[in-house]
Amino acid sequence: MTTKPGWKDLNDYSVVKDRSAIITGGASGLGEATVTTYVQNGAYVTIADYDEERGKKLAEKLSSEGGSVSFVRCNTASWDDCVAAFKHAVNFSPSKTLDIAVLFAGHAGAAIPLVQEVIQNSPEPSIDDIPKMPNHSAIDVNLLGVYYSTYLALHYFRLSSPNQSKLKKSLVLISSIMGYIDGTYNTDYNASKFGVRAIFRSLRSQGQKVNCRVNNILPGYILTPLTKRQHQIDDPREPSKATGFVLPWAPIEYVTEGVGRCVCNENCNGRSFAILPSGVHDIDEDVETGWGGEKLAGLLEQDGFFDIPNLIPRKSQYS
């Protein structure tokens with residue numbers, strides 16, 4: 150998947166110059182692209198990631214090019230790691246403040262429906278058995294970790310300095326299309342991304358209390374080195390080995406653009422942007438429009454998500 154002909158990211162990234170940002174999951178993929186954009190535009194960026202080798206390598210590369218970037222190892226499912234990472238980001242900033250938090254850190258989870266996991270773990274149930282605990286690695290990282298990171302972002306956003314910019318602080322949450330559809334093949338992951346959506350909805354009208362804007366990104370299938378490996382493809386026109394179907398891939402540049410809208414536009418608050426092959430779409434996730442359901446359904450149908458068997462069950466399949 151390449152970007153649309155004539156596509157150009159029109160965000161004004163000059164607004165991030167000299168501002169302090171933490172990007173969790175910033176060592177690779179979606180996070181790496183965003184880190185690179187902000188460092189190249191003069192931000193002080195802390196990469197918080199579990200992958201120490203990749204994180205240090207990226208930080209060293211961008212630093213050698215004149216960027217202001219630091220790395221801290223962080224397992225976002227650990228409260229202590231998160232506290233250390235956010236403290237690191239604040240101390241790395243010359244102003245000793247935090248202006249931007251983009252929470253990419255994530256985990257694919259069990260990659261199995263919960264019903265199938267039950268059957269797999271206990272083929273013949275017995276009242277005398279002690280059931281095996283289900284896998285919840287995605288919930289640990291994608292929901293609990295995001296909850297921890299969100300709390301810490303809001304906490305440190307309150308710090309001020311004599312030369313502080315009048316711009317509002319920016320919190321960008323990363324949900325997923327899987328937080329909006331049934332996505333029957335990975336209950337752990339779906340639950341985590343629905344949860345991120347709930348954090349966003351709960352906070353977007355409250356961020357002003359700490360001078361903060363809160364927005365949400367919901368990527369669909371994004372082509373990155375990681376997803377290429379997961380789906381065992383080199384070309385997006387190939388059928389995914391994981392699903393057996395050609396998937397509606399969107400380029401990573403669209404994610405960077407969507408996050409840029411959230412960070413760079415002072416009037417952007419409480420918005421959800423779907424990242425799809427056709428572009429970056431505000432889905433109008435507001436009560437007045439049924440929380441974006443009809444618009445998102447139309448976009449997903451337009452971009453081929455409805456053509457993937459069993460991805461989005463129809464009403465006739467469960468009623």
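Quick note on numbering: this note's numbering labels position 134 of the sequence shown as 283, and the sequence is numbered without any gaps.
Glycine residues also receive a C-beta, built at the ideal position from the N, C-alpha and C atoms.
Predicted, not measured: the structure shown is a model, and the values here were computed from it.
Query                                                                                                                                                                   : Result
Please specify which runs of the beta strand (DSSP E), each continuous and at least 3 residues long, are wholly inside the stretch 412-444, giving them in chain order. : 421-425 and 428-431
What residue from D331, T336, S324 and Q357 has the CA that sits closest to K342's CA?                                                                                  : S324
Using the Cβ count rule (16 or more neighbours within 10 Å means buried), how would you classify Y467?                                                                  : exposed
List the whole-angstrom C-beta distance separating G128 from D158, where the pair is believed to meet the contact cut-off of C-beta under 8 Å.                          : For residue 128 there is no data in the structure shown, the boundaries of the chain being 150 and 468.
Using 10 angstroms around the beta-carbon of L375, count the other beta-carbons present and answer buried if the total reaches 16, otherwise exposed.                   : exposed
For A423 versus L445, is the C-beta distance shorter than 8 Å?                                                                                                          : yes
Which residue's Cα is closest to the Cα of Y329: G409, D452 and I432?                                                                                                   : I432
Grab me the residues of T186's own chain with a C-beta within less than 8 Å of its C-beta, minus the 5 sequence neighbours each way, in chain order.                    : Y162, T405 and G409
Can you tell me whether C231 is helix, strand or coil according to DSSP?                                                                                                : helix
Give the straight-line distance between the Cα atoms of D452 and G407, rounded to the nearest whole angstrom.                                                           : 17 Å
Of the residues N240, P385, P280 and D229, which one's Cα is nearest the Cα of Y300?                                                                                    : D229
Buried or exposed: where does P400 fall if 16 or more other Cβ atoms within 10 Å of its Cβ makes it buried?                                                             : buried
What are the boundary residues of the beta strand (DSSP E) that includes I172?                                                                                          : S169 to T173
Just to confirm the assignment: which complete beta strand (DSSP E) runs, minimum length 3, are found wholly within the stretch 240-266?                                : 249-252
Relative to the C-alpha of R362, which residue among V321, F454 and V436 is closest?                                                                                    : V321
Residues in its own chain within less than 6 Å of S427 by CB, not counting five upstream and five downstream?                                                           : D452
In angstroms with no decimal places, state the Cα-to-Cα distance between C231 and Y296.                                                                                 : 10 Å
Looking at the structure shown, is V218 part of a helix, part of a strand, or coil, going by DSSP?                                                                      : strand
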